[in-house]
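Okay, so here's the structure we're looking at.
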Amino acid sequence: MARHLLLAGASALALVSGPSILGLDIAHAQTSAPKEEQAAQLDDVVVVARRSEERLQDVPLSVTGISSEELENHTITTGTDLQKLVPTLNVGVSIFGGTQQFSLRGVRTGVVSYLNEVPVNGVLADQMLWDLSSIQAVSGPQGTLFGKNSTGGAVLFVPRMPGRDIDGYVEGRFGSFNLREGTAVVNLPVNDMFALRFGAQVTLRDGIIDNLTGPDLQALDHRSLRVSALFTPNDAFSNYTTFNYAHRDDTPYAQISGAGAGTPVCPTALPSCIYGAAYATELAAQRARGIRTVSIPLNASQTASPWQLTNVMTGHFGGLTVKYIAGYQHNEDRQFTSQLSIPLPVIIGLNENETSLQTHELQMLGNAFSERLTWVAGLYSSNSDVDNFNSYLLFAPVGTPHNNNTTQQTGGNTTTDSRAVYAQGTYALTERLNLTAGVRYTEDDVKTAQFGYSPGHVCNLPAALPSVNISTCIQSIAAKTDAVTYNLSLDFKATDDLLIYATTRKGYNAGGFNPNINDPDLEVVRPEFITDYETGLKADWSLAGMPIRTNVSAFYARYKDIQRTTSLVFDNLIVTGNFNAAEATIYGAQIELLARPIEPLTIQASYGYLHTQYDSFQNALLGDVTGNKFAQAPEDTVNISATWRHPLPTGELVANVSYAYISEVAFSDDNLTTPGNIAPGYGLVDARIDWKNVGGSDVDLGVYVKNATDEDYILNTTDRTSRFGFDSRLYGDPRTFGFEIRRTL
3 MARHLLLAGA
13 SALALVSGPS
23 ILGLDIAHAQ
33 TSAPKEEQAA
43 QLDDVVVVAR
53 RSEERLQDVP
63 LSVTGISSEE
73 LENHTITTGT
83 DLQKLVPTLN
93 VGVSIFGGTQ
103 QFSLRGVRTG
113 VVSYLNEVPV
123 NGVLADQMLW
133 DLSSIQAVSG
143 PQGTLFGKNS
153 TGGAVLFVPR
163 MPGRDIDGYV
173 EGRFGSFNLR
183 EGTAVVNLPV
193 NDMFALRFGA
203 QVTLRDGIID
213 NLTGPDLQAL
223 DHRSLRVSAL
233 FTPNDAFSNY
243 TTFNYAHRDD
253 TPYAQISGAG
263 AGTPVCPTAL
273 PSCIYGAAYA
283 TELAAQRARG
293 IRTVSIPLNA
303 SQTASPWQLT
313 NVMTGHFGGL
323 TVKYIAGYQH
333 NEDRQFTSQL
343 SIPLPVIIGL
353 NENETSLQTH
363 ELQMLGNAFS
373 ERLTWVAGLY
383 SSNSDVDNFN
393 SYLLFAPVGT
403 PHNNNTTQQT
413 GGNTTTDSRA
423 VYAQGTYALT
433 ERLNLTAGVR
443 YTEDDVKTAQ
453 FGYSPGHVCN
463 LPAALPSVNI
473 STCIQSIAAK
483 TDAVTYNLSL
493 DFKATDDLLI
503 YATTRKGYNA
513 GGFNPNINDP
523 DLEVVRPEFI
533 TDYETGLKAD
543 WSLAGMPIRT
553 NVSAFYARYK
563 DIQRTTSLVF
573 DNLIVTGNFN
583 AAEATIYGAQ
593 IELLARPIEP
603 LTIQASYGYL
613 HTQYDSFQNA
623 LLGDVTGNKF
633 AQAPEDTVNI
643 SATWRHPLPT
653 GELVANVSYA
663 YISEVAFSDD
673 NLTTPGNIAP
683 GYGLVDARID
693 WKNVGGSDVD
703 LGVYVKNATD
713 EDYILNTTDR
723 TSRFGFDSRL
733 YGDPRTFGFE
743 IRRTL
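First residue of the sequence shown? That's 3 in the working numbering, and the numbers climb one at a time after it.
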């Protein structure tokens with residue numbers, strides 16, 4: 003199938019290199035209609051994927067832009083919703099449910115999220131999906147333009163900036179499971195030079211999972227705040243500052259035990275059979291309860307308080323633009339829950355983290371040679387500091403308290419200092435042919451000091467390792483890595499509405515550590531590298547007068563020293579390790595289609611195909627997983643949606659229906675022999691209808707349904723048959739309904 007897709011992509015490039023596609027007119031070819039008629043029907047999408055505002059159709063990269071209107075039409079309220087709209091994007095949810103991990107084109111360790119041009123904590127980004135102008139997903143290695151280097155891509159969250167008019171809105175949302183959400187935004191221009199924008203949102207929802215012996219799970223209590231200020235004393239200078247704050251006090255996801263395997267019979271060699279026949283009895287009871295009811299006699303909780311301060315200062319000096327981008331963020335989070343859905347203390351975990359990150363970037367942009375060359379160059383530095391503490395109660399008798407004497411404990415401090423210099427230029431070889439070249443040098447210094455204790459507060463660090471001081475129970479490791487990465491591309495504007503491009507890039511991710519593992523070969527994790535090749539086209543064309551936009555790309559990548567994180571039981575301890583896989587091959591293709599058959603109707607469709615496979619991956623702890631698929635890399639992703647706009651005598655009716663499909667996906671890199679690590683594919687149907695400007699007023703009303711067919715789908719699954727005799731699964735939300743009311747000020 004992959005060969006057919008790549009051949010199809012190559013054929014498409016050949017077909018559109020002339021003035022038509024099988025006789026269908028490309029806009030602005032000799033026989034096309036005037037551009038004014040086309041532009042009136044298909045709106046331009048503006049993105050900042052290359053650090054400046056450009057039409058999406060002019061950017062020789064694979065970029066998916068989601069406007070604020072699309073976010074509303076598709077009721078995008080969480081990070082996991084984004085995978086419905088972006089080909090090859092998968093959003094993984096941790097087993098605790100507190101963090102989300104983006105994976106683009108199968109690469110999940112190297113996708114960076116940005117808020118106002120600064121790398122952002124995933125928890126904060128997930129609570130900032132309101133009052134945005136757009137979200138943009140840029141696929142492939144980054145670094146010659148973006149502040150932080152990455153191997154997988156970038157997801158840009160772009161907030162609305164303060165404007166020159168007094169405006170704003172208040173919005174209320176009410177829905178299933180007693181959902182109550184309020185959002186308020188106001189824009190205040192103080193004078194011609196200074197403007198402020200304030201916004202706040204509160205989201206409350208009861209638990210989706212009934213807990214017979216404790217608080218219901220997957221309940222939400224989210225509060226977020228954004229304040230932004232824009233100072234523009236003249237056309238040559240601007241300063242844009244934002245402050246983002248969020249707080250969450252949720253109950254965690256329920257890990258449904260025994261959902262996909264037979265009930266174990268005790269006694270056996272399973273450690274869990276310390277509980278005897280009660281273990282099998284409780285698992286059988288959970289199976290009878292189904293996936294929406296559990297029995298966890300625990301005050302499970304999940305809290306976080308991230309905040310971020312960013313500042314972008316821009317000065318224009320003739321043909322030179324200078325930008326200074328600074329950011330600081332801090333987060334404290336805590337999760338306390340059971341990793342089973344039964345009333346036995348098999349695994350009870352407490353995870354606490356405190357992180358801070360500061361970034362600085364000095365950037366210069368300009369042009370030369372009569373504007374045939376446009377260039378950007380910059381310096382980047384960042385410092386991160388992470389304190390973590392993990393405490394696990396393992397296979398304990400019923401009634402055992404969770405304290406220092408009864409639990410396994412790990413944690414410590416890790417600091418990372420990163421410095422980089424980068425430059426990229428685009429030279430117009432002709433009026434329609436451009437050559438782009440970019441290079442980056444990155445240097446990373448990483449240090450960690452970690453501790454490890456067994457129950458009874460007994461040091462369990464591997465004393466034989468030189469990095470371990472057994473008297474203080476501290477393992478200290480340091481590593482320094484560096485790399486040169488690049489971007490080289492050629493793009494050809496065959497017509498004003500047809501862009502063809504080809505690019506190759508090299509990406510790099512810094513290395514890390516594996517404390518608490520008694521194996522010197524696994525102590526230090528090497529950097530990972532990826533080299534990719536991509537070709538694509540972006541075309542606006544028409545069929546029988548119907549405007550159509552088609553963006554197609556095909557890609558191939560070689561991935562080496564891949565960093566993979568997994569949790570496993572090692573020496574009767576819970577260990578989270580980061581390991582290197584030798585190498586792998588990735589290839590695939592994606593297509594995005596936009597059409598307007600008639601003026602009120604807009605149809606969007608996208609398809610992504612992805613092939614991932616480890617060519618070599620042997621590890622002393624994981625074993626040989628060569629030939630396995632990547633985790634978080636579904637082979638097929640599909641999205642189809644239709645939006646209908648109908649003017650009324652007083653207002654406008656807007657209706658949207660969408661279908662998103664994700665094929666079978668693994669959640670562990672060891673999946674050929676552990677079927678419990680693979681979740682079946684699923685499709686979700688969402689629908690929404692809005693009445694804009696009700697009765698000619700400033701009020702909008704909307705109703706929506708998400709997961710209309712009430713599909714049972716899995717957000718994470720873990721095969722635990724070898725240790726516990728069952729699989730553990732996290733399920734997505736069931737069918738939910740909602741009502742919205744909005745008043746524009």
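Each residue gets a CB set at the ideal place from its N, CA and C atoms; glycine is no exception. Predicted, not measured: the structure shown is a model, and the values here were computed from it.
Go ahead and pull the three-state DSSP assignment for residue i.
| i | result |
| --- | --- |
| Asp83 | helix |
| Leu490 | strand |
| Ala290 | helix |
| Asp499 | coil |
| Gly697 | helix |
| Glu71 | helix |
| Val125 | helix |
| Ala689 | strand |
| Ser274 | helix |
| Ser22 | Because the pLDDT of Ser22 is 41, which lies under 50, any placement of that residue in the model is unreliable, and the question is left without a value. |
| Ala607 | strand |
| Ala279 | helix |
| Ala678 | The sequence shown places Gly at residue 678, rather than the Ala named in the question. Residue state, collapsed to three classes: helix. |
| Glu363 | strand |
| Glu284 | helix |
| Leu106 | strand |
| Asp805 | Nothing about residue 805 can be read from this structure; the chain reaches only from 3 to 747. |
| Gln144 | strand |
| Ser34 | Residue confidence is low: Ser34 scores 38 on pLDDT, short of 50, so the model does not pin down where it sits. Its coordinate-derived value is still stated next. The answer is coil: DSSP assigns Ser34 none of H, G, I, E or B. |
| Leu463 | coil |
| Phe397 | coil |
| Ala10 | With a pLDDT of 41 at Ala10, under the threshold of 50, the modelled position of that residue is not reliable, and no figure is offered here. |
| Asp60 | helix |
Whole-angstrom Cβ separation of residue i and residue j, contact assumed at under 8 Å?
| i | j | result |
| --- | --- | --- |
| Asn406 | Gly514 | At roughly 27 Å, the Cβ-Cβ gap does not stay under 8 Å, so Asn406 and Gly514 are not in contact. |
| Leu91 | Phe104 | 7 Å |
| Pro517 | Gln477 | 5 Å |
| Asn189 | Asp218 | About 38 Å; that fails the 8 Å criterion. |
| Thr552 | Leu524 | Not a contact, Cβ separation roughly 47 Å. |
| Asn392 | Asn353 | 5 Å |
| Gly94 | Gln592 | Between Gln592 and Gly94 the Cβ distance is about 19 Å, and since that is not below 8 Å, they are no contact. |
| Asp638 | Ser665 | 4 Å |
| Leu501 | Lys562 | So it is not a contact: roughly 31 Å between Cβ atoms. |
Are the CB atoms of residue j and residue i within a distance shorter than 8 Å?
| i | j | result |
| --- | --- | --- |
| Gly697 | Gly653 | yes |
| Arg737 | Asp712 | yes |
| Ala398 | Val125 | no |
| Asp128 | Thr80 | yes |
| Leu674 | Pro636 | no |
| Leu58 | Pro549 | no |
| Leu717 | Lys86 | no |
| His332 | Ser358 | yes |
| Val122 | Gln337 | no |
| Ser555 | Glu585 | no |
| Thr483 | Ala451 | no |
| Pro89 | Ser608 | yes |
| Gly413 | Ser64 | no |
| Thr253 | Gln203 | no |
Based on Cα-Cα distance, which residue from the options lies nearest to residue i?
| i | options | result |
| --- | --- | --- |
| Arg731 | Leu342, Gly216, Thr111 and Arg291 | Leu342 |
| Ile532 | Phe453, Thr82, Thr450 and Val113 | Val113 |
| Tyr277 | Thr66, Leu396, Val296 and Gly184 | Leu396 |
| Asn390 | Thr402, Glu334 and Ser699 | Glu334 |
| Ala302 | Gly351, Pro457 and Arg182 | Gly351 |
| Asp700 | Glu173, Pro161, Thr234 and Val109 | Glu173 |
| Ser724 | Lys708, Thr676, Leu545 and Val705 | Thr676 |
Against chain C, does residue i count as a neighbour if the rule is that its beta carbon must be under 8 Å from one of theirs?
| i | result |
| --- | --- |
| Phe581 | Although the question refers to chain C, the structure presented lacks it and comprises just one protein chain. |
Segment contact, 8 Å Cβ cut-off, at least three pairs: the region 219-231 with the region 128-137 = yes
Pairing CB atoms from the region 138-146 with CB atoms from the region 471-490, are three or more of them under 8 Å?
-> yes
Kindly confirm or deny that the region 317-329 and the region 282-301 touch, where touching means at least three C-beta pairs closer than 8 Å.
-> no
Count the C-beta pairs between the region 204-222 and the region 178-196 that are closer than 8 Å, then say yes if the count reaches three, no if not.
-> yes
Count the C-beta pairs between the region 409-426 and the region 465-472 that are closer than 8 Å, then say yes if the count reaches three, no if not.
-> no
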